[in-house]
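Visitor: Okay, so the sequence shown: first residue is 1 according to UniProt numbering, each after it adds one.
Ideal Cβ positions, reconstructed from N, Cα and C, are used throughout, including at glycine.
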Amino acid sequence: MQDILSNKTLITENDSNPDSRQYINFADTLEKYGLQYINTDYYLQVGEIIQVQGWILHLSVIKPQLSALFEIVIPELIRENVPFKIIRNNEIAKYLLDANLGYAKLGKVVCIYPKTDKEALLLAQKLIRLTASFRGPAIPTNIHLGSIVYTRYGSFNPIMRTDTPDGEAPGNEIRYIYNTKGELVPDYYTIPFVLPENVVWPFGEITQPQVPVSKKLLKNTYKPLTVIKPDAKGRVIKGIYIKGFLNIKHCIIKEGKYNMWVDEQGRDIQDRLMWQHELCKDLANDIPFPKIFDLFKENNDMYLVMEFIKGDSLENIVLSTYKGNSWFQLSAANQLLLIGYLLKIITIIQRFHERAYVHRDITPNNFLIDKKGRIFLIDMELSYSLANRKPYPAFKLGTFGYYSPEQEAQQTPTIKEDIYAIGALMAFIFTGLTPVKFGINVPGKLIKSLLFFTRNEFLSDTIAKCLSTTPQERPLLETIKENIEKYQRELVMHLSQVENISAEIPDKDREQKFTDLINAALKGLTSTRLMTEDCLWDAQILKKDESMGTVQVERAYSAELHNGMTGIVYMLSKAKILGYNIDPIMEGYANSWKYLQATCLNNISTLKPELYGGAAGIALAISEGMNAGLLAPDNEYKLYLQQCFQNVSENLDLAAGVAGQGIALLQCRRWLSPDFTTPLLTQYLETLLAKQQDDGSWNTDNTPGSKKNKIIGLAYGVSGIVCFLLMYANLYPDEHLNNTIRKALGWLKRQSTRKKDIYYWNDATRKKSISQFSCDIGIPGIALVFIKAYKHFKDPFYKEIATGTLQALSSCPVHVDYSQAMGIAGLGEVYLEAYKAFKEEEWQHRANWIANSFAHTLLENKDGVRYWSMNDYPDPVADLMTGSSGIIHFLMKYQLPDKLDYLLLSTD
1 MQDILSNKTL ITENDSNPDS RQYINFADTL EKYGLQYINT DYYLQVGEII QVQGWILHLS
61 VIKPQLSALF EIVIPELIRE NVPFKIIRNN EIAKYLLDAN LGYAKLGKVV CIYPKTDKEA
121 LLLAQKLIRL TASFRGPAIP TNIHLGSIVY TRYGSFNPIM RTDTPDGEAP GNEIRYIYNT
181 KGELVPDYYT IPFVLPENVV WPFGEITQPQ VPVSKKLLKN TYKPLTVIKP DAKGRVIKGI
241 YIKGFLNIKH CIIKEGKYNM WVDEQGRDIQ DRLMWQHELC KDLANDIPFP KIFDLFKENN
301 DMYLVMEFIK GDSLENIVLS TYKGNSWFQL SAANQLLLIG YLLKIITIIQ RFHERAYVHR
361 DITPNNFLID KKGRIFLIDM ELSYSLANRK PYPAFKLGTF GYYSPEQEAQ QTPTIKEDIY
421 AIGALMAFIF TGLTPVKFGI NVPGKLIKSL LFFTRNEFLS DTIAKCLSTT PQERPLLETI
481 KENIEKYQRE LVMHLSQVEN ISAEIPDKDR EQKFTDLINA ALKGLTSTRL MTEDCLWDAQ
541 ILKKDESMGT VQVERAYSAE LHNGMTGIVY MLSKAKILGY NIDPIMEGYA NSWKYLQATC
601 LNNISTLKPE LYGGAAGIAL AISEGMNAGL LAPDNEYKLY LQQCFQNVSE NLDLAAGVAG
661 QGIALLQCRR WLSPDFTTPL LTQYLETLLA KQQDDGSWNT DNTPGSKKNK IIGLAYGVSG
721 IVCFLLMYAN LYPDEHLNNT IRKALGWLKR QSTRKKDIYY WNDATRKKSI SQFSCDIGIP
781 GIALVFIKAY KHFKDPFYKE IATGTLQALS SCPVHVDYSQ AMGIAGLGEV YLEAYKAFKE
841 EEWQHRANWI ANSFAHTLLE NKDGVRYWSM NDYPDPVADL MTGSSGIIHF LMKYQLPDKL
901 DYLLLSTD
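(1) Within 10 Å of its beta-carbon, does T363 have 16 or more other beta-carbons around it, so buried, or fewer, so exposed?
(2) With respect to the alpha helix (DSSP H) encompassing H353, which residues constitute its N-terminal and C-terminal limits?
(3) Which same chain residues end up closer than 6 Å to S155 when comparing Cβ atoms and leaving out the 5 residues on each side of it in sequence?
(4) Is it buried or exposed for N14, if we count other Cβ within 10 angstroms and need 16 for buried?
(5) For K390 and Y384, what's the separation of their Cα atoms in angstroms?
(6) Are the Cβ atoms of residue 909 and K437 separated by less than 9 Å?
(7) Do you know how far the Cα of L467 is from the Cα of I72?
(8) For A715, does the count of other Cβ atoms within 10 angstroms reach 16, so buried, or fall short, so exposed?
(9) Relative to the C-alpha of C600, which candidate in G146, A632, I309, G614 has its C-alpha closest?
(10) State the DSSP-derived secondary structure class of residue 987, mapped to helix, strand or coil.
(11) At the level of alpha carbons, what is the spacing between L195 and K85?
(12) Per the contact definition of three or more C-beta pairs closer than 8 Å, is the segment 251-261 in contact with the segment 301-308?
(13) Should K216 be labelled buried (16 or more other beta-carbon atoms within 10 Å of its own) or exposed?
(14) Is it buried or exposed, T412, if we count other Cβ atoms within 10 angstroms and call 16 or more buried?
(15) Can you give the beta carbon distance from L530 to P876, rounded, assuming they're within the 8 Å contact cut?
(16) Could you tell me the alpha carbon to alpha carbon distance between Q36 and A27, rounded to whole angstroms?
(17) Quick one: is H250 buried, meaning 16 or more other Cβ sit within 10 Å of its Cβ, or exposed?
(18) Alpha carbon to alpha carbon, how far is V814 from Y759? Give it in angstroms, no decimals.
(19) Using a threshold of 9 Å, state whether the C-beta atoms of L832 and P874 are closer than that.
(20) Could you tell me the distance, in whole angstroms, from the CA atom of K486 to the CA atom of F428?
(21) What are the start and end residues of each continuous alpha helix (DSSP H) run of 4 or more residues lying completely inside the segment 727-812, in chain order?
(22) Can you look up D634 in the DSSP assignment and give me helix, strand or coil?
(23) Compute the Euclidean distance between the alpha carbons of K523 and P633, then round it to the nearest angstrom.
(24) Counting C-beta neighbours from all protein chains within 10 Å, is the total for R351 16 or more, i.e. buried, or is it exposed?
(25) Would you call V569 buried or exposed, if buried means 16 or more other Cβ atoms sit within 10 Å of its Cβ?
(26) Report the start-end ranges of each beta strand (DSSP E) in the segment 180-256 that is 3 residues or longer and not cut off at the edges.
(27) Enumerate in chain order the residues of its own chain whose CB-to-CB distance from K836 is below 7 Å, with the five nearest sequence positions on each side excluded.
(28) Might you give, ordered along the chain, the residues of its own chain that have their beta carbon closer than 7 Å to the beta carbon of S752, omitting 5 neighbours on each side?
(29) Return helix, strand or coil for A503, following the three-state DSSP convention.
(30) Is K893 buried or exposed, if buried means 16 or more other CB atoms sit within 10 Å of its CB?
(31) What is the rounded straight-line gap between the Cα of L279 and the Cα of S771?
(32) If distances are taken between C-alpha atoms only, which option among K788, D763, L900, L725 comes closest to I779?
(33) Using beta carbons (cut-off 9 Å, strictly below), is R846 in contact with chain B?
(34) Please check the pair I49 and Y153, which I expect to be a contact at CB under 8 Å, by giving their CB distance rounded to whole angstroms.
(35) Any contact between the segment 735-750 and the segment 855-871? By contact I mean 3 or more CB pairs, one from each, below 8 Å.
(36) Quick one, are the C-beta atoms of I777 and G696 less than 9 Å apart?
Laid out in structure tokens, this is it:
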């Protein structure tokens with residue numbers, strides 16, 4: 001996987017529009033000094049780094065001081081003739097300084113590689129003096145020497161080795177250095193820094209390598225207990241407040257780390273905490289928020305301590321009330337409950353405005369509701385005082401989907417910003433979907449989209465007016481309140497009519513409407529938000545930062561079928577076969593195959609053999625490319641195809657095991673000799689038959705200590721294995737195999753809980769979690785297997801289980817995840833399979849709802865490019881199992897159900 005951050009930026013919840021900032025390329029700074037440099041990772045490197053290891057000096061500086069620091073430091077580094085690296089540009093610097101590139105990289109804006117310990121000491125002393133006036137966040141992997149200078153002992157030019165457990169395909173590369181015995185050892189980033197055994201500390205003249213010790217009590221009063229929200233800029237901690245021997249209370253401690261989240265004015269997260277403290281003191285008698293106990297600094301970090309209120313966020317309460325249904329499916333009692341909360345929030349914001357404040361961050365996560373139904377406002381740091389015109393300028397950012405265009409443009413705040421946010425909040429409360437799903441650029445379309453989900457024109461019109469891009473067109477808060485109260489009265493009196501718009505796209509127009517939609521979505525894959533300058537699709541890569549417990553989201557090239565180029569070209573081949581227009585996308589298609597050939601096909605032996613993330617998935621894409629006439633069925637591609645199956649997985653499941661390899665090979669057999677496919681398919685089959693347990697199940701969970709936990713679902717569990725066996729048995733009938741399948745289906749059935757005619761399933765035998773919408777791990781994938789079983793055996797008992805399983809799901813589902821793997825695109829395909837197998841209109845109606853949901857939430861940017869927000873992130877995703885390609889596949893199947901099988905499972 002290749003990093004492409006120079007072309008694409010990371011996605012963060014607090015930074016949705018990086019292009020609005022002035023871009024500064026620090027290569028220009030190096031060229032001004034006549035320096036030669038190379039690009040390496042996130043940096044520009046000057047000089048050759050020869051040593052394997054040593055003492056590295058790092059400089060950490062806030063973003064507004066970057067250019068000034070380089071002007072002071074670079075001439076000194078030139079004089080010392082020492083190799084160094086500086087951050088590539090100011091955009092990457094922001095991500096680095098906000099820890100969005102990983103906590104271990106935080107603050108490392110400049111990296112310096114002295115040749116000797118003595119040189120390191122002398123240079124550190126000079127740099128401490130030169131940088132005395134600069135500020136920067138602490139570097140967690142290092143020891144602080146002084147000013148903004150930090151150090152750690154580690155790799156300069158490390159020995160790179162692949163972390164390869166016995167019998168496994170090559171994994172991640174690991175940095176190695178030598179210990180004092182001359183042995184290679186991994187160079188791990190320990191937090192806090194640990195001095196390696198027998199390594200001499202050369203900075204004794206400056207300081208000693210003392211590791212900060214975590215205090216059990218803050219300010220000798222507050223004891224941290226658990227971290228509620230880990231965050232590099234400062235944690236949110238639940239603790240206890242010790243006022244006396246018998247006076248102990250729970251509290252919330254908001255931490256603000258030193259010099260973190262610094263804006264262009266030099267204000268950091270601590271300035272925001274101080275502003276929140278000031279607000280709370282001023283508004284304590286008017287606004288319901290937790291009582292503030294204290295504000296103090298300790299070891300350069302700041303802490304705001306407040307009352308602990310036991311409750312849940314409005315977001316969680318709304319989603320738990322919906323339970324995957326639509327607004328009009330909720331009981332009147334639940335509708336009135338949510339409307340009551342909304343009216344209380346509007347009243348709170350009215351009080352805010354009466355006190356001449358704009359809140360500027362009205363989101364469902366910023367309101368806490370206790371068991372008595374009382375609402376508390378828990379975050380006000382973005383608020384702005386109209387009377388005092390402060391903070392000036394207003395603090396930036398907010399939550400995407402909830403802040404207005406003028407707030408994004410950083411105009412002087414007005415109460416109209418809060419009207420917009422109230423509209424976004426209403427969109428969430430009355431649809432169950434995050435407002436990023438709806439386009440605000442075309443008001444008429446917005447009303448229709450809201451009407452589809454709410455079934456109430458008056459309500460939809462009110463929300464749409466609040467979300468007007470023109471502030472003057474937004475209604476007064478009092479008007480909004482009156483409209484909601486009117487709707488509330490109608491519900492109480494049972495006067496509110498549910499408007500029937502289920503057949504909004506008439507049958508005579510449906511075919512052309514969805515053809516146009518599919519072609520528009522296909523063309524949307526060419527968006528610069530999805531493709532790099534190299535005309536290649538990048539993928540969202542989720543990485544867990546173990547040191548912070550947070551998930552980082554970045555974009556990088558990926559060859560995977562699940563979330564990468566292979567899945568996209570697979571879908572495009574299907575589109576070509578079905579007659580859709582892929583001409584605008586052919587450059588991306590061709591470039592993707594060039595990339596796959598260079599990085600994968602020429603090194604097939606190094607790939608994992610799996611379907612989702614390896615060679616079997618690439619084989620499936622090659623086969624479909626040849627079926628579509630997009631790839632030449634010549635000896636080269638046929639050889640690649642055969643080589644994709646040269647390694648056999650040690651796993652059993654569909655995603656990463658022999659079941660997935662078998663599913664791919666069955667679909668590739670047209671292009672391969674029976675002399676190759678027959679023995680290999682037999683090997684897959686015999687492996688699965690030999691590993692089947694006496695109870696009919698398989699052990700697919702390879703997590704240490706999980707032998708007794710058996711995964712049930714399609715991608716990683718028993719259901720996926722059964723799916724392959726059914727596909728095999730359809731092509732090569734065998735009664736012994738049929739008995740094996742029946743035995744496995746019996747085990748699956750025994751894992752369900754039946755209530756009346758409804759079947760409920762957990763994700764695994766030792767887990768109580770229920771994935772309502774996920775085809776990969778949850779209920780829809782299990783239902784699919786029983787649909788396939790019914791089609792194979794014609795046994796009505798399997799139909800009963802399949803329909804009973806689907807009956808547990810909503811007929812008009814609403815879910816933030818639109819994907820094939822975890823969301824409603826995959827569920828929609830299962831509903832279409834149910835209709836094809838059982839010929840019952842209910843399943844077609846359910847698929848109609850999902851198709852129309854996608855039609856009403858297709859977004860369009862200013863350039864006319866169309867795409868979907870796949871979850872609660874605004875950024876589009878192209879991938880097959882997690883992105884728009886999966887939605888397009890569902891819509892093609894919806895329009896041409898007899899010509900397209902369930903995703904990845906065709907044997908025609």
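Guide: With the structure as the only source:
(1) For this step, residue 363 is matched to residue 363 along the sequence shown. Buried, because 16 or more other Cβ atoms sit within 10 Å of the Cβ of T363.
(2) Translated into positions along the sequence shown, residue 353 becomes position 353. Residues 332-354.
(3) Position 155 of the sequence shown, counted from the start, is the residue given in the question as residue 155. Excluding sequence neighbours, S155 sits near Q53, R175, I177, D187.
(4) As a working note, residue 14 is residue 14 in the sequence shown. Its pLDDT being 40, under 50, N14 is placed unreliably in this model, and the value from its coordinates should be taken loosely. So N14 ends up on the exposed side.
(5) Walking along the sequence shown from the start, residue 390 turns up at place 390. Walking along the sequence shown from the start, residue 384 turns up at place 384. Spanning the two alpha carbons is a distance of roughly 6 Å.
(6) Nothing can be reported for residue 909: it is not among the residues displayed for the chain, which extend from 1 to 908.
(7) In the sequence shown, residue 72 corresponds to position 72, counting from 1. In the sequence shown, residue 467 corresponds to position 467, counting from 1. Going from the Cα of I72 to the Cα of L467 covers about 48 Å.
(8) As a first step, residue 715 is located in the sequence shown; it is residue number 715 there, counting from the start. Burial call: buried.
(9) The residue you call residue 600 lines up with position 600 of the sequence shown. Per the Cα distances, G614.
(10) Any property of residue 987 remains undetermined from this structure, which presents the chain solely from 1 to 908.
(11) Numbered from 1 along the sequence shown, position 195 holds the residue referred to as residue 195. Numbered from 1 along the sequence shown, position 85 holds the residue referred to as residue 85. If you take the alpha carbons of L195 and K85, they lie about 23 Å apart.
(12) yes
(13) One-based indexing of the sequence shown puts residue 216 at position 216. Exposed is the call here.
(14) The count along the sequence shown starts at 1 and reaches residue 412 at position 412. Under this definition T412 is an exposed residue.
(15) Your numbering for residue 530 matches position 530 in the sequence shown. Your numbering for residue 876 matches position 876 in the sequence shown. Right, their Cβ atoms sit about 6 Å apart.
(16) As a first step, residue 36 must be located in the sequence shown, where it is residue number 36. As a first step, residue 27 must be located in the sequence shown, where it is residue number 27. Taking the straight line joining both Cα atoms gives about 10 Å.
(17) In the sequence shown, counting from the first residue as 1, residue 250 sits at position 250. Exposed.
(18) Residue mapping note: residue 759 aligns to position 759 of the sequence shown, counting from 1. Residue mapping note: residue 814 aligns to position 814 of the sequence shown, counting from 1. Cα-Cα distance, rounded: 20 Å.
(19) Within the sequence shown, numbered from 1, the residue matching residue 832 stands at position 832. Within the sequence shown, numbered from 1, the residue matching residue 874 stands at position 874. Result no, Cβ atoms of L832 and P874 do not sit closer than 9 Å.
(20) Counted from its first residue, the sequence shown places residue 486 at position 486. Counted from its first residue, the sequence shown places residue 428 at position 428. If you take the alpha carbons of K486 and F428, they lie about 19 Å apart.
(21) 735-750, 779-793, 796-806
(22) Position 634 of the sequence shown, counted from the first residue, corresponds to residue 634. Three-state DSSP puts D634 in coil, outside helix and strand.
(23) Translated into positions along the sequence shown, residue 523 becomes position 523. Translated into positions along the sequence shown, residue 633 becomes position 633. So the alpha carbons of these two residues sit roughly 26 Å apart.
(24) Within the sequence shown, the letter at position 351 stands for residue 351. R351 comes out exposed.
(25) For the purposes of this step, residue 569 is identified with residue 569 of the sequence shown, where counting begins at 1. Flag for V569 reads buried.
(26) 184-186, 222-229, 236-244, 247-256
(27) Along the sequence shown, read from residue 1 onward, the residue named residue 836 stands at position 836. Answer for K836: P897, listed in chain order.
(28) The sequence position of residue 752 within the sequence shown is 752, counting from 1. Cβ neighbours of S752 beyond the five flanking positions: Y759, Y760, W761.
(29) Position 503 of the sequence shown, counting from 1, holds the residue named residue 503. Below a pLDDT of 50, predicted positions are generally treated as unreliable, and A503, at 38, falls in that range; no measurement from the model is reported.
(30) Taking the first residue of the sequence shown as 1, we reach residue 893 at position 893. Buried, by the Cβ-count rule.
(31) Locating residue 279 in the sequence shown gives position 279, where the first residue counts as 1. Locating residue 771 in the sequence shown gives position 771, where the first residue counts as 1. For L279 and S771, the distance between alpha carbons rounds to 42 Å.
(32) Within the sequence shown, numbered from 1, the residue matching residue 779 stands at position 779. That would be D763, whose Cα lies nearest to the Cα of I779.
(33) Absence of chain B from the displayed structure is noted, only one protein chain being present.
(34) Taking the sequence shown and counting its residues from 1, one reaches residue 49 at position 49. Taking the sequence shown and counting its residues from 1, one reaches residue 153 at position 153. That belief does not hold up - the Cβ atoms of I49 and Y153 are roughly 15 Å apart, past 8 Å.
(35) no
(36) On the sequence shown, residue 777 is found 777 positions in, with the first residue counted as 1. On the sequence shown, residue 696 is found 696 positions in, with the first residue counted as 1. Not a contact, by the Cβ cut-off of 9 Å.
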